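Residue numbers (our numbering), protein chains in the order written: chain A, 1 to 402; chain B, 1001 to 1233.
We put the beta carbon where it would ideally sit given N, CA and C, even for glycine.
Note that the coordinates shown come from a computational prediction; the quantities given were computed from them, not determined experimentally.
To keep things clear, I will list the structure first and then write my remarks on it.
What follows is the structure, encoded as structure tokens:
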């Protein structure tokens, strides 16, 4: 039976190849698009989990001086006490007051300008940011404003090179700081900045010794982590109520702080990636469908052309199912071989995409399986009607076909 | 007397034409016994080809009874008919009807595919038959590489490969010259001597003379049914 199918396909090589090409392109497109889509989803997932999950950011309000309004965080309405109070709210996992800035950091002959984050140990929890060597500073470091620092990977590389930074002393604006630990790598943030190019020091140290502040105890921002995604709206509500109370805001009065849900931003990015990859898959599937219709078309032509042959076969004893199987087999072989070639092309294309554009691609076993399954189904689905048409022929009419 | 292979009673076939039903066969009654060699004759349009197609289970009668080896053909479904064509009947066509892309060996072996014979045995049986029809050296040729007479021999080999009890031939010499026709008829005579029942359709009296029994059709009915010995006597 297989030999027969090969013979029939070989009799019209060009036609077989062109029909197969429809499947090749369809399957190749599906595999490539799925690889790109899954790669993008994976990349965005990485970014989101690096950011930390279920996060809110509280920003101080803006100040207004004679009609000129400054940006958020300029009025320093939030306090460390606010952050501590929020930490006590039910559903809040961590609450970290933050004083961000940047400064020139010096170690020996090297110096480097980096982002300095003044915060508390809660910050590391909220961002899910591990210390990979050495140790984190503690609440007592924050209380006594010790000069210690946790160093990001990029900063460490630029200042220390191959040296182990733990235990060394670097200087920020002339003040010596002991490096307690090295932070794990976070990679690129949602805004595209290198998150590893940073240095974390105790909040109090940042405020008193490095940047200074007009109002001790106030902060520009507080990062809050909710215990789970589900309770985020509830935490948001209770946090707003608490802060309005603490800031003695009247009903209807504009809030003097801004509350941002970071997860919502991340979710919408993930959602748009998901939609994009689905769209890519859908468009690619259309070409698979077109390939299937091509198979059906050619099989119908083939059945008509070989009507006489079908008649002869029936006259010497072929049953309906023999004829059905013969034509179905041909359609399935075309689609499965086409699928195999398409798979190779799709994987090659994905690999090339990764190489040339630096886009992350993922070829999962499931996408390969799906492509194969779809191809076999397409072959059977679109091959069945022509095959059945052949099998149902009346022998004497088929024999009379010119 | 030998057992009956074919028994036909009140057989009729009509075609639907625009001017109403057109009868091609009318109330045909015929019995053929094992080992007979029958020639069916008649002018074109007399219904002999239609009759042959019904005998070969390629076409169904509109009315009447057709029994093959005691079984009523009308009660068989499509698969059982296919089995009958595969095992019991060998059919030889005027136009040979070999499959053009297959070697002669594969052409002869083709009926065996449909009854599940293994490939090695298929090949062996096909070769045996090709030897019998004198074409052993051409087993790997394609049909378009040999002459018409040779093609018809291959077609006969194909019809015989599954050892049928009945060989039907519709104008087997119609496309052949007179010399080649004689060869083919000699082959039929040999086969008949070996015990195969043969029914062939022809419109040439010279060809029909090789058969033992001659039946004449006219306007869809049998007008004469005689033994060749009686005719020549």
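- By the neighbour-count criterion, in which 16 or more other beta carbons inside 10 Å mark a residue as buried, residue 113(A) falls on the exposed side.
- Here residue 141(A) is buried, its C-beta having at least 16 other C-beta atoms within 10 Å.
- Annotated as distal: residue 135(A) and residue 78(A), with beta-carbon spacing of 7 angstroms or more.
- Interface flag for residue 306(A) against chain B is unset, since no Cβ pair is found closer than 7 angstroms.
- At a cut-off of 7 angstroms between beta-carbon atoms, residue 317(A) makes contact with chain B.
- Closest by C-alpha distance to residue 172(A), out of 19(A), 155(A) and 184(A), is 155(A).
- For residue 1175(B), not one C-beta of chain A is nearer than 7 angstroms to its own C-beta.
- When Cβ pairs closer than 8 angstroms are counted between the two stretches, the segment 1120-1140 of chain B is seen not to touch the segment 330-337 of chain A, the count staying below three.
- Under the 7 angstroms criterion on CB atoms, residue 376(A) is classed as non-interfacial with respect to chain B.
- Against chain A, a Cβ distance below 7 angstroms from residue 1022(B) picks out nothing, because the smallest value is about 16 angstroms.
- Rounded to whole angstroms, the gap between the alpha carbons of residue 110(A) and residue 161(A) is 10 angstroms.
- In the DSSP assignment, residue 1217(B) forms a beta bridge with 1222(B).
- Judged by DSSP secondary structure, residue 202(A) falls within the beta strand (DSSP E) whose first and last residues are 198-202.
- Per DSSP, reduced to three states, the secondary structure at residue 1169(B) is strand.
- Listed by position along chain B, the residues whose Cβ is nearer than 7 angstroms to that of residue 333(A) form an empty set, because the closest Cβ is around 17 angstroms away.
- Taking 8 angstroms as the Cβ-Cβ cut-off, the segment 1064-1083 of chain B approaches chain A at 1078, 1079, 1082 and 1083, given in chain order.
- Comparing alpha carbon positions, the residue from 35(A), 342(A), 317(A) and 259(A) closest to residue 364(A) is 35(A).
- The alpha-carbon separation between residue 314(A) and residue 1142(B) amounts to approximately 21 angstroms.
- Here the alpha carbons of residue 204(A) and residue 106(A) stand approximately 21 angstroms from one another.
- Exclusion of the five residues before and after residue 44(A) leaves 269, 270 and 273 as the residues of its chain whose Cβ lies within less than 6 angstroms of its Cβ.
- In this structure, residue 396(A) keeps its C-beta atom at 7 angstroms or more from the C-beta atom of residue 1225(B).
- Under a criterion of Cβ atoms nearer than 8 angstroms, the residues of chain A adjacent to residue 1110(B) are, in order, 313 and 316.
- For residue 1140(B), the number of other beta carbons within 10 angstroms of its own is below 16, and it is reported as exposed.
- The distance from the Cβ of residue 27(A) to that of residue 375(A) is about 6 angstroms, consistent with a contact at the 8 angstroms cut-off.
- At a cut-off of 7 angstroms between beta-carbon atoms, residue 330(A) makes no contact with chain B.
- Proximity of residue 11(A) to chain B, defined by a Cβ-Cβ separation below 7 angstroms, is satisfied.
- Residue 395(A) belongs to the set of residues whose beta carbon lies under 7 angstroms from a beta carbon in chain B.
- In this model, residue 1114(B) and residue 1101(B) are separated by some 18 angstroms (Cα to Cα).
- Looking at the DSSP output, residue 1022(B) sits in a beta bridge with 1015(B).
- Pairwise C-beta distances place the segment 381-401 of chain A out of contact with the segment 1019-1028 of chain B, as fewer than three of them are shorter than 8 angstroms.
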